[in-house]
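Numbering-wise, the numbering used here comes out as the position in the sequence shown, counting from 1, plus 15. Positions of the beta carbon are idealized from the N, C-alpha and C atoms, including for glycine.
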Amino acid sequence: MAAFIKFRPIPPRSPHLNGKVERSQLTDLMEFWSRHAPKEEGIQQRIEEWQFVYNYRRSHGGLAGKIPAGRIAEVGEHTPLSEVVVAAYDESKERIRYSDWKKDQAMATLHKSRSP
């Protein structure tokens with residue numbers, strides 16, 4: 016909440032809701048970690064190089080062959096600046112979110128029943 020980021024837990028065993036993360040991790044595993052060992056000399060430098068390639072040089076199927084940096088540039092004018100987000104944020108409308116999906120859903124039901 017302090018960083019104005021909404022936490023939205025997903026139900027267990029819901030890969031369709033977490034697909035982008037899963038796909039990104041598979042790409043990292045196949046294209047980076049298959050070539051580098053975690054304890055390799057200079058691994059931090061290799062990770063930084065990989066992040067640059069991944070975001071600025073490697074096309075992505077999920078972005079119609081575009082690079083992530085290019086896509087960010089395209090949507091940049093439609094993306095609000097942090098100052099705008101902070102100004103629009105109303106903490107009183109937020110509720111505590113729980114990482115346990117079932118508990119979070121139960122609390123959401125309680126929260127809705129108590130709202131005016």
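CB of residue i within 7 Å of CB of residue j, strictly
i: I62; j: Y71; result: no
i: P24; j: S114; result: yes
i: R112; j: F22; result: yes
i: V90; j: F19; result: no
i: H126; j: R110; result: yes
i: P26; j: W116; result: yes
i: R86; j: L96; result: no
Nearest-angstrom Cα separation, counted from residue j out to residue i
i: T42; j: H75; result: 10 Å
i: Y69; j: A103; result: 33 Å
i: A168; j: R28; result: Since the first residue shown for the chain is 16 and the last is 131, residue 168 is missing from the structure and cannot be characterised.
i: Q59; j: A52; result: 11 Å
i: Q66; j: A121; result: 39 Å
i: E56; j: M45; result: 20 Å
i: K118; j: T124; result: 10 Å
i: E106; j: R50; result: 45 Å
i: S39; j: A88; result: 20 Å
i: R73; j: E98; result: 31 Å
i: K35; j: K108; result: 28 Å
Test: residue i CB closer than 7 Å to a CB of chain C
i: Y113; result: Among the chains of the structure shown, chain C does not appear; only one protein chain is present.
Legend entry - Uninterrupted alpha helix (DSSP H) stretches inside the stretch 67 to 91 (no shorter than 4 residues): DSSP runs (the alpha helix (DSSP H)) wholly in the stretch 67 to 91: 83 to 90.
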